[in-house]
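What follows is a single structure, written as C-alpha cells, with notes after it.
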Amino acid sequence: MKKYLALLLLLWLKMPVAKAFSPEATDSLLYYTSFDGTRIHYTVKGSGKPVILIHGFIVDGESWKRTALYDALLLYGFRVITLDMRGNGASDHPQDSTAYLHDAEAKDVMELASRLGLQHYQVVGYSRGSIITARLLVLDSRISSAVIGGMGTAFTNPAWPRRQQFYEALSGKPVPALATMVKNVQQAGLDQRALAWMQFGQPATTPQELAKVQQPVLVIGGDKDEDNDTGGSLAAMMPAGMHGTVTGDHNSVVRSAAFAAWVLDFLQHH
40 MKKYLALLLL LWLKMPVAKA FSPEATDSLL YYTSFDGTRI HYTVKGSGKP
90 VILIHGFIVD GESWKRTALY DALLLYGFRV ITLDMRGNGA SDHPQDSTAY
140 LHDAEAKDVM ELASRLGLQH YQVVGYSRGS IITARLLVLD SRISSAVIGG
190 MGTAFTNPAW PRRQQFYEAL SGKPVPALAT MVKNVQQAGL DQRALAWMQF
240 GQPATTPQEL AKVQQPVLVI GGDKDEDNDT GGSLAAMMPA GMHGTVTGDH
290 NSVVRSAAFA AWVLDFLQHH
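Numbering (my numbering), first residue to last: 40 to 309.
Following this line, the structure appears as C-alpha cells:
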C-alpha cells in the first residue's frame with residue numbers, strides 16, 4: 040500500500056501546480072501575537088482536516104514547502120498550517136533565555152490552534168520539531184494524532200549531552216565536532232544567540248509522560264539515521280505508538296516521497 044502511495048505521489052508531484060491544486064488552496068502569510076507578546080509568523084493553505092507542521096533546527100516553516108509531504112497533504116484535502124518557531128525565520132527572535140523556557144514553543148503552537156479555532160488537529164514534527172510535538176502530546180488534548188519524525192529516545196533525557204553540546208557550541212565555546220554546524224549558522228546569517236537559547240531551553244518529555252499519551256503516534260525515520268536506531272523504543276513508550284522506517288539519512292528522509300506516503304497514510308487513518 041505504501042509503495043503504491045509513494046508511486047502515486049511521484050506521479051502527481053510531477054504535475055504543474057495549477058493542475059494539481061484548486062484555486063481555493065491559496066497560501067496566506069500571516070502573523071499572530073503569542074501568549075507572551077512574541078510575534079509568530081505562520082501560513083495556512085488548503086481546506087479540510089487541519090494539520091500543523093513543526094520544523095526542525097536551523098530551518099523555518101518554509102522548509103516544509105520543499106518536501107513531498109507538503110504537496111501531498113494539499114492534494115489529499117488537508118488544511119496545511121506551518122509556522123516559524125520563535126527565534127526562526129520571520130517570527131520574533133527573543134534574545135532572553137527565559138523566552139525559550141517552560142514549553143514556550145509548544146505554547147506558541149497551542150496559541151495558533153486557538154487563534155484558528157481548531158477543536159481538533161493533527162501534528163507532524165521532524166527532528167527538533169518532534170521534540171516540540173512530544174510536548175504538545177502531553178499538553179494539548181485537542182491533538183487527535185501525531186507524527187514524530189527523525190527522532191529516537193535521546194530527547195527523553197533532560198540531561199541529553201547533545202543538547203548541552205549544541206548550546207555550548209552556539210554560545211561560542213569550542214566544540215570541535217560542531218564547528219561546521221556553527222560555521223553554517225554564521226554563513227547563513229542565522230540568529231546564533233537565539234539558536235543557543237533554544238538549545239538551552241529545549242524541553243524533555245520523560246518516558247513516564249509518554250506512557251500517558253493515548254493518541255495514535257507514528258515514529259518514523261531513515262534507515263541511515265542514527266536517531267532512528269531507537270525509534271522503535273520511542274514508539275513502544277506510548278500505548279498507541281507505532282514505528283516505521285524509510286530509506287535515507289536524517290536530512291533526506293523528510294523531503295522524500297516515501298516519508299510522505301507513510302505520513303499521509305497514517306494521517307488519513309488516524
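C-beta: ideal position from N, C-alpha, C; glycine also.
In this text, all values refer to a predicted model and were calculated from it rather than measured experimentally.
A138: not part of any alpha helix (DSSP H); DSSP gives it neither H nor E. Taking a C-beta distance under 8 Å as the contact criterion, I182 and Y160 qualify as a contact pair.
At the C-beta level, Y71 and L151 come within 8 Å of one another. Of all C-beta pairs linking the stretch 71-85 to the stretch 113-126, three or more are shorter than 8 Å, placing the two stretches in contact.
Between the C-alpha atoms of G261 and T192 there is a straight-line separation of about 15 Å. H94 is classed as buried because its beta carbon has at least 16 other beta carbons within 10 Å across all chains shown.
DSSP places R181 in the coil class of the three-state scheme, outside both helix and strand. Comparing alpha carbon positions, the residue from A216, V177, E265 closest to P246 is V177.
The alpha-carbon separation between A173 and K263 amounts to approximately 23 Å. Look at Q161 here: in three-state DSSP terms it is strand. Annotated three-state conformation of M277 is coil, per DSSP. Pairwise C-beta distances place the stretch 208-222 out of contact with the stretch 135-153, as fewer than three of them are shorter than 8 Å. For the options F298, Q231, V256, G126, the alpha carbon positioned closest to that of D288 is the one of F298.
Put simply, the stretch 133-142 does not touch the stretch 82-89. Fewer than three CB pairs are less than 8 Å apart.
Annotated as proximal: V148 and L175, with beta-carbon spacing under 8 Å. With respect to Q254, A185 sits close: the two C-beta atoms are nearer than 8 Å. Look at G188 here: in three-state DSSP terms it is strand.
Here T195 is buried. Its C-beta has 16 or more other C-beta atoms within 10 Å. Ranking A145, F205, N127 by CA distance to the CA of A233 puts N127 first. Going by DSSP, L234 is part of no beta strand (DSSP E) but of the alpha helix (DSSP H) stretching over 231-239. The C-alpha of F205 lies about 7 Å from the C-alpha of A235. Non-local C-beta neighbours of A208 in its own chain, meaning closer than 6 Å and more than five positions away in sequence, comprise V214, L217, V221, ordered along the chain. Taking the C-beta atoms as reference points, M276 is found nearer than 8 Å to L249. In this structure, the straight-line span from the alpha carbon of L229 to that of G100 is close to 14 Å. DSSP places R201 in the helix class (H, G or I) of the three-state scheme. Secondary structure of L217 (DSSP, three-state): helix.
When DSSP states are grouped into helix, strand and coil, H282 belongs to the strand group.
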